[in-house]
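Encoded as structure tokens, the structure appears first; notes follow it.
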Amino acid sequence: MDRFSLLFSPFRIRALSLRNRIVMAPMGTWYADEEGFVTDRLVAYYRERARGGVGLVIVEHTAVALEGRSSRRMLCAYDDRYIPGLARLAEAVHGEGAKIALQLNHVGRTASFDVTGLPAVGPSTVGKSRDRRTPHELSEEEIPLRVEYFTRAALRAREARFDAVELHGAHGYLINQFLSPWTNKRTDRYGGSTENRCRFAVEVLRRVRELVGDDFPVWFRVDGDEGLEEQGIRSDEAKRICRILEEAGSDAIHVSFGHGEGTLYASAPYYLPQGHLLKYAKAIRDIVSVPVIGVGNIVDPEVAEKALREGYADLVALGRALLADPEWPRKAQEGRRIRPCILGNRGCCDHRGPEGEVRCLVRPETGREWEGPPRPAESPKWVVVVGGGPAGMEVASVAARRGHLVVLLEREGVLGGMLRIAARPPGKGYMLKFLRYLEREVREAGVDVRLSTEATAEDVLALSPDAVVVATGAEYRPPDLPGAEYTVLAVDVLEGRVQVDGRVLIVGGEVTGLETADFLSERGCRVAVVDRKERLGEDLTGHCRHFLLKILEEKDVELTTETEVLAFLPDGALVRCDGRERRLSGYDAVVVAFGLRPEDGLARELQGKVPLWVVGDAKAPRSALEAVHEGYELGLGI
Numbered sequence: 154m155d156r157f158s159l160l161f162s163p164f165r166i167r168a169l170s171l172r173n174r175i176v177m178a179p180m181g182t183w184y185a186d187e188e189g190f191v192t193d194r195l196v197a198y199y200r201e202r203a204r205g206g207v208g209l210v211i212v213e214h215t216a217v218a219l220e221g222r223s224s225r226r227m228l229c230a231y232d233d234r235y236i237p238g239l240a241r242l243a244e245a246v247h248g249e250g251a252k253i254a255l256q257l258n259h260v261g262r263t264a265s266f267d268v269t270g271l272p273a274v275g276p277s278t279v280g281k282s283r284d285r286r287t288p289h290e291l292s293e294e295e296i297p298l299r300v301e302y303f304t305r306a307a308l309r310a311r312e313a314r315f316d317a318v319e320l321h322g323a324h325g326y327l328i329n330q331f332l333s334p335w336t337n338k339r340t341d342r343y344g345g346s347t348e349n350r351c352r353f354a355v356e357v358l359r360r361v362r363e364l365v366g367d368d369f370p371v372w373f374r375v376d377g378d379e380g381l382e383e384q385g386i387r388s389d390e391a392k393r394i395c396r397i398l399e400e401a402g403s404d405a406i407h408v409s410f411g412h413g414e415g416t417l418y419a420s421a422p423y424y425l426p427q428g429h430l431l432k433y434a435k436a437i438r439d440i441v442s443v444p445v446i447g448v449g450n451i452v453d454p455e456v457a458e459k460a461l462r463e464g465y466a467d468l469v470a471l472g473r474a475l476l477a478d479p480e481w482p483r484k485a486q487e488g489r490r491i492r493p494c495i496l497g498n499r500g501c502c503d504h505r506g507p508e509g510e511v512r513c514l515v516r517p518e519t520g521r522e523w524e525g526p527p528r529p530a531e532s533p534k535w536v537v538v539v540g541g542g543p544a545g546m547e548v549a550s551v552a553a554r555r556g557h558l559v560v561l562l563e564r565e566g567v568l569g570g571m572l573r574i575a576a577r578p579p580g581k582g583y584m585l586k587f588l589r590y591l592e593r594e595v596r597e598a599g600v601d602v603r604l605s606t607e608a609t610a611e612d613v614l615a616l617s618p619d620a621v622v623v624a625t626g627a628e629y630r631p632p633d634l635p636g637a638e639y640t641v642l643a644v645d646v647l648e649g650r651v652q653v654d655g656r657v658l659i660v661g662g663e664v665t666g667l668e669t670a671d672f673l674s675e676r677g678c679r680v681a682v683v684d685r686k687e688r689l690g691e692d693l694t695g696h697c698r699h700f701l702l703k704i705l706e707e708k709d710v711e712l713t714t715e716t717e718v719l720a721f722l723p724d725g726a727l728v729r730c731d732g733r734e735r736r737l738s739g740y741d742a743v744v745v746a747f748g749l750r751p752e753d754g755l756a757r758e759l760q761g762k763v764p765l766w767v768v769g770d771a772k773a774p775r776s777a778l779e780a781v782h783e784g785y786e787l788g789l790g791i
């Protein structure tokens, strides 16, 4: 399409010709096996993104040495035994018309002894390894071996017919540990000045270039800022580093952001705007002559095109957006609907699978591409789904696409359930995009949607279904404490059924309570939150928790932990804190944000009368990820 003419224009990095300017950013999947070999699952995952139309796939960080591994399922390239699997991966990506680069990494002091059986190493004895051990400081005599680790891995990538390699110099790993004053405290020629701290990176680059030749692109990924305030690399020093790397022969610069031990992240959540990290890419692009790859919260193609048009980058890298929809490039070019990434980080950054593998809240198929598309139902059934929240919509659409005849009964006048409420707080508009996507999926699958339908057990049985799915969700109920009549429920506040103003006391410090506090403070309320636990927001992902607590602090929301509510009062609550009872008073409203319980009455009534499944919060209140994934799994199994 003309409006994305730059995004879909060809581009070259050295001799490497790309069909467009869309790059798949390197993201650790943990889809390799426990020895770091390529698996069928990994091949299918990358093939799907190449098939979706990206110009360049940068494969996730790959260990160049045993001592440089951070997990058992980290992809590896430190032995010739890995070459056949890597070659199979390269062939799969090439078969779909994309080019492929391998990101080479040594995690340095963040390595795991449990995985490697070796001491973690670094430029200095700063910080701790992944298992809390002090790293071994590399001597000058030991450094050339680490240079060779990168060199040999690059040669294996070339032998496996990769088109390029990216040297990982960001995010707190070994090369970055040398670059950063935060982790490099050396006083020899590898420490001190910016030039000295760049020495290891330059030696790696020059040695790799010497062996792979001039026709094989090699470039660095670096931090445009480490997010460590004055202790780490800031923007001005990042510019100096990139000039040095360009002079040393880096064919491009991939500009990321953030240190693993900082409080700001490359994979920032929905509280930050799309493309918020591109300013760091632009700062580098303004002072180098090689191509610059920009990255950071890019979800919509309009944002990607704008970044190119306004000179922020020469290429744009997509990460989580391609987890949510591998066909993002092709759909953008053809004007088709894209499954939206909600930037919630649940499944991809936190709350991953049982072995640490990447999942995607909005796309349960991610990581399961090797299983192939859902198989048609062997025996189509008449299926009744009760409840139109995320679990109900997912099971209904998947089952219908497999050939079942599906009716979805929803008591409200709209679909969405808790997902609609979750979209109400500030910054959560992406949730509404996902809800609209699910609604369209349900209707396009041919599901018979019946809104404003309160389904009793008799109503369901009267339909004579072959199978019933109860996805009635969960509800917040008034607390069983004295004075509960003085309270209102957080969900009623978020949905607009109850209006509150002035001073507001919120009881409950998990996601609903904290997001209600943000919602109300945005509307001018003076808010206090109390919770009996030691930590607030434990049901949030780490990234979201950090940003939301920071936002609440900036809005002067009073946060109190380890405080148990004993009773509610007309203007507050009676609480116990530090072993003493006291009154919290002077509030205009008391909002309750705890007490979520499954709505499982219908399931109990139908038990034993019809083939029955219960999914989502009706089974047990959890996150939207569990709801969507359970719905998908059941949709495949009916």
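Using my numbering, the letters of the sequence shown correspond one by one to residues 154 to 791. Even glycine gets a Cβ: it sits at the ideal position worked out from N, Cα and C.
How big is the Cα-Cα spacing for residue i and residue j?
i	j	result
residue 117	residue 293	As shown, the chain starts at 154 and ends at 791. That puts residue 117 outside it, with no answer to give.
residue 259	residue 205	30 Å
residue 647	residue 571	11 Å
residue 520	residue 653	44 Å
residue 243	residue 630	54 Å
residue 463	residue 436	13 Å
residue 568	residue 769	15 Å
residue 253	residue 211	6 Å
residue 392	residue 644	48 Å
residue 735	residue 708	25 Å
residue 600	residue 673	37 Å
residue 576	residue 323	33 Å
residue 527	residue 291	51 Å
residue 162	residue 222	37 Å
residue 443	residue 403	8 Å
residue 226	residue 428	30 Å
residue 186	residue 656	54 Å
residue 355	residue 331	11 Å
residue 688	residue 717	13 Å
residue 780	residue 590	16 Å
residue 241	residue 251	14 Å
Among the options, which residue has its Cα nearest to the Cα of residue i?
i	options	result
residue 179	320, 445, 600, 590	320
residue 705	730, 684, 670, 686	670
residue 609	673, 635, 755	755
residue 502	626, 314, 698	698
residue 309	595, 235, 261	235
residue 337	384, 437, 366	384
residue 711	474, 455, 678	678
residue 517	490, 537, 551	551
residue 622	607, 545, 676	545
residue 158	382, 458, 165	458
residue 606	539, 207, 580	539
residue 298	353, 333, 264, 263	353
Between which two residues does the alpha helix (DSSP H) holding residue i run?
i	result
residue 432	431 to 438
residue 671	664 to 675
residue 727	No alpha helix (DSSP H) holds residue 727; the beta strand (DSSP E) holding it covers 725 to 730.
residue 571	571 to 575
residue 628	Here residue 628 belongs to no alpha helix (DSSP H); instead the beta strand (DSSP E) covers 627 to 629.
Are the Cβ atoms of residue i and residue j separated by less than 8 Å?
i	j	result
residue 423	residue 496	yes
residue 627	residue 749	yes
residue 695	residue 667	no
residue 549	residue 613	no
residue 448	residue 430	yes
residue 728	residue 683	yes
residue 173	residue 370	no
For the ligand PLP, is there any heavy atom lying closer than 7 Å to the beta carbon of residue i?
i	result
residue 562	The ligand PLP is not part of the structure shown, which contains no ligands of any sort.
Spatial neighbours of residue i within its chain, please: CB distance less than 6 Å, with the 5 preceding and 5 following residues excluded, ordered by chain position.
i	result
residue 563	541, 604
residue 484	491
residue 269	219, 220, 222
Over the uninterrupted beta strand (DSSP E) stretch that includes residue i, give me the two end residues.
i	result
residue 297	Element bounds for residue 297: not the beta strand (DSSP E) but the alpha helix (DSSP H), 296 to 312.
residue 216	209 to 216
residue 349	Unbroken run through residue 349 is the alpha helix (DSSP H), 347 to 350; no beta strand (DSSP E).
Which residues in the same chain as residue i place their Cβ atom closer than 8 Å to its Cβ, once the five residues preceding and following it in sequence are excluded?
i	result
residue 198	182, 184, 519, 520, 522, 523
residue 303	217, 257, 259, 320, 357, 360, 361
Which same chain residues end up closer than 7 Å to residue i when comparing Cβ atoms and leaving out the 5 residues on each side of it in sequence?
i	result
residue 441	395, 396, 399, 406
residue 390	347
residue 231	216, 217, 218, 219, 302, 306
residue 639	721, 722, 723, 743
Please report whether the beta-carbon of residue i lies at a distance below 8 Å from any beta-carbon of chain D.
i	result
residue 387	Annotation note: the requested chain D is absent from the structure, which comprises a single protein chain.
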